[in-house]
Amino acid sequence: MREMVQAGMPAQAGNSQTIQTEMTASADNAQAIQAAKLATAASAQKFDVIVVGAGPAGNAAAYTLAKAGLAVLQLERGEAPGSKNVQGAILYSDALERIIPDFRDSAPLERHIIEQRMWVLDDESYIGTTFRSNDFNKPPHNRYTIIRAKFDKWFSKKVREAGALVICEVTVKELLRSKQGKVIGVEVDREHGKIYAEVVILADGVNSTLARKAGFREELKPKDVALAVKEIHFLPRDVVESRFNIGKDEGVVIEMLGKITRGMMGTGFLYANKDSISIGVGCMLSDFMAQKTTPFELLERTKAHPAIKPLLQGGEMKEYSAHLIPEGGYHAIPQVYGDGWLIVGDSGMFVNAVHREGSNLAMTTGRMAAETVIELYAAKKAMTAGNLAAYKQRLNGSFVMDDMKKYKNLPDIFHTNKQFFTTYPELLNRSAYTMLMVDGEGKRAKENAIFNSFRERRTLFGMLGDAFKLWRAIR
Amino acid sequence: MTTTAKVEESLFQNRYLLDADNPHIRIRDPEICATSCEAQQCAVCCPAGCYTVEGRRVVLITDGCLECGTCRVVCDTHINVEWEYPRSGYGIQFKFG
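Which chain is which? The protein sequence lines are A and B, in order. Each residue of the first sequence is one higher than the last, beginning at 988 in our numbering. Each residue of the second sequence is one higher than the last, beginning at 7 in our numbering.
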């Protein structure tokens, strides 16, 4: 077995070099007992827990498990943690604070958000709301813009310091099952790549090839996932700050809805980072399939909108990325536990699309999966489906399932009522334009014209019905 | 409105470790795309423009792949896309994500 770890595991060395180096690094920082335990596990190629994936869910799980003294192996297919991961990105402090309370001291945070804009756009204009408060400047800050590649590297460093063995550039091919079907480990695409564990935590993201192949989860349905495309544009720091009217470390978020998605159910976003701007747009995949605009064209058009273009002016585009976001909501959540396995994060479809929350649910589900495993270990209980069901109970008793349930009907409402993305944004913008134009026409006449324009596009009953549907779905 | 920008120019900014001659996505049966698939939505939906239509045939070049999974999910009628992650260490390496 030892030869198999040494021959199969190291990413590029092809011998025991890498794993030995990793072990030494871990030993420097972790308690001696845990390091010894990990060394034994590595040589036996059998760990307490294997975590697949080094995104927020996997990192939260691996960190929590390692902190509790378990022998944890975390596998990541990218060359570094974060190099396969894409997000807007906004970090919500609360979820991370519950895992690493002093994260602000070392995490690579871009800007704390002091201003939130909501824009409803038509082709020429936007109407919207802005909320800006100096209260958001008071620490501890609640939300930050982040750049995921940097953030994930930092989080992974914390995971290693906590005593987990983290190995990158390893793609897991499939789960190893016992005759009874219990998950007993993973097989990676390195030679002699079979590694065993009492329990495997799948934090392998929205596509989760492992869960699909094992039959734990069905294939994603186009109506349950959004495809988001994004670019990052670099600008001098002072330009970012003057353009958004913000001071050092202060950040702005713009969420966008309306004609930029060309009738598709979706939203756009623009986030101010330290010396860059993240701009993106995402729509449901089922909607992309029903039309002819490519995601790339959609983003190009969004960037060219007269209200957005000046914000990006002069920036240097340094990366174009794309990602699927599981937005099927509560009804799309698969079975998340079984004999020897747990699913966390995007892989379990834990995203609250209404509130743009994903990574915090990833971290929270990762933490809760870890806590479940730690409790079972402490009680010397086996990692059976019956015992691991405690994970689902934990989720049910938390805000995770509460929030997922609260909006369970919203995806369907937006799927079947596209006027929220087309007719209303246009009408709102035209109304504002009409009211603000000083052109010799009386305000009463303008109000009548606006009212009639709404009536022409949507019946009174239609509008009341829309309001009712929305209210019922979000109350 | 017309956009003149090309997706290739944007992809050029990205960092890839190419696994030459070892594509991680494969069209199972190209005949199905050419003869049975009216929509050919992979060619519209792929954010990296990996799928192009030549005549009626769908041509796949995975070099610019962003590993999002879109092509596999949209091919829900014919299930004709065989999709794996690239081998250990290969594929897109996001600098910023």
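Cβ coordinates follow ideal geometry from the N, Cα and C atoms, glycine included.
Query                                                                                                                        : Result
Within-8 Å CB hit, E1306 (chain A) to chain B                                                                                : yes
Own chain partners of V64 (chain B) with C-beta closer than 8 Å, once the 5 adjacent residues on each side are dropped       : I33, P36, C39, A40, C43, Q46, C48, A49, Y57 and T58
Sequence-distant residues of its chain with Cβ nearer than 6 Å to W89 (chain B) (five each side left out)                    : I31 and R78
Close Cβ partners of A1014 (chain A) (< 6 Å) along its chain, the five nearest in sequence each way excluded                 : Residue confidence for A1014 (chain A) is low, a pLDDT of 48 falling below 50, so the modelled location carries little weight; the figure read from the coordinates is stated next. Excluding positions up to five away in sequence, the list reads A1022.
The stretch 1049–1071 of chain A: positions lying closer than 7 Å to chain B by Cβ                                           : R1064, G1065, E1066, G1069, S1070 and K1071
E73 (chain B) - DSSP class collapsed to helix/strand/coil                                                                    : coil
With 16 other Cβ atoms within 10 Å as the buried cut-off, status of V1093 (chain A)                                          : Per the sequence shown, the amino acid found at residue 1093 (chain A) is Ser instead of Val. S1093 (chain A) should be labelled exposed.
According to DSSP, residues forming a beta bridge with M1355 (chain A)                                                       : None; M1355 (chain A) has no bridge partner.
Contact the stretch 1389–1405 of chain A vs the stretch 1082–1091 of chain A: 3+ CB pairs below 8 Å                          : no
Against chain D: residues of the stretch 1131–1150 of chain A by CB proximity under 7 Å                                      : Judged by its chain identifiers, the structure shown contains no chain D, and its protein chains are A and B.
Within the stretch 1099–1159 of chain A, ranges of the beta strand (DSSP E) (whole runs, at least 3 residues)                : 1113–1119, 1130–1133 and 1152–1154
Any C-beta of chain B under 8 Å from that of H1310 (chain A)                                                                 : yes
Per DSSP, the bridge partner or partners of T58 (chain B)                                                                    : B:V65
Reduced DSSP secondary structure (H/G/I, E/B, other) of M1251 (chain A)                                                      : coil
Neighbour list for F1441 (chain A) in chain B, Cβ cutoff strictly below 7 Å                                                  : Near F1441 (chain A) there are no residues of chain B at all, since even the closest Cβ is about 26 Å away, more than 7 Å.
C-beta contact flag for F1220 (chain A) and I1295 (chain A) at 8 Å                                                           : Inspection of the sequence shows that residue 1220 (chain A) is occupied by His rather than by Phe. No; because the gap between Cβ atoms is not below 8 Å, this pair is not in contact.
Whole-angstrom distance between G1045 (chain A) and L1214 (chain A), CA atom to CA atom                                      : 22 Å
Chain B contact for R1177 (chain A) (CB, 8 Å cutoff)                                                                         : yes
C-beta contact flag for P1095 (chain A) and F1138 (chain A) at 8 Å                                                           : yes
Inter-residue CB distance, I1100 (chain A) and S1120 (chain A) (contact presumed, cutoff 8 Å)                                : Not confirmed; about 10 Å, so no contact.
Contact under 8 Å by Cβ, L1162 (chain A) with L1108 (chain A)                                                                : no
Those runs of the alpha helix (DSSP H) which lie wholly inside the stretch 1015–1094 of chain A and span at least 4 residues : 1019–1031, 1043–1054 and 1080–1084
Rounded straight-line distance, which links the Cα of G1065 (chain A) to that of T936 (chain A)                              : Residue 936 (chain A) cannot be examined here, being either before or after the span of chain A that is shown, 988 to 1462.
Beta strand (DSSP E) segment containing F1221 (chain A), residue limits                                                      : V1212 to F1221
Min CB distance N1194 (chain A) to chain B below 8 Å                                                                         : yes
C-beta atoms of E1242 (chain A) and M1105 (chain A) nearer than 8 Å                                                          : yes
Nearest-angstrom Cβ-Cβ length linking K1217 (chain A) and V1073 (chain A), presumed shorter than 8 Å                         : 7 Å
DSSP-derived helix/strand/coil call for R1417 (chain A)                                                                      : helix
Q1018 (chain A) vs A1041 (chain A) beta-carbon contact at 8 Å                                                                : no
Extent of the continuous alpha helix (DSSP H) to which A1376 (chain A) belongs                                               : A1372 to N1383
V80 (chain B): contacting residues in chain A (beta-carbon distance under 8 Å)                                               : P1209, L1272, F1275 and M1276
Cβ-Cβ distance between M1355 (chain A) and L1363 (chain A) below 8 Å                                                         : no
Chain B contact for Q1322 (chain A) (CB, 8 Å cutoff)                                                                         : no
Cβ of V109 (chain B) within 8 Å of any chain A Cβ                                                                            : Nothing about residue 109 (chain B) can be read from this structure; chain B reaches only from 7 to 103.
Contact residues within the stretch 1277–1295 of chain A, judged by C-beta distance below 8 Å to chain B                     : Q1278, K1279, T1280, T1281, P1282, F1283, E1284, E1287, R1288 and A1291
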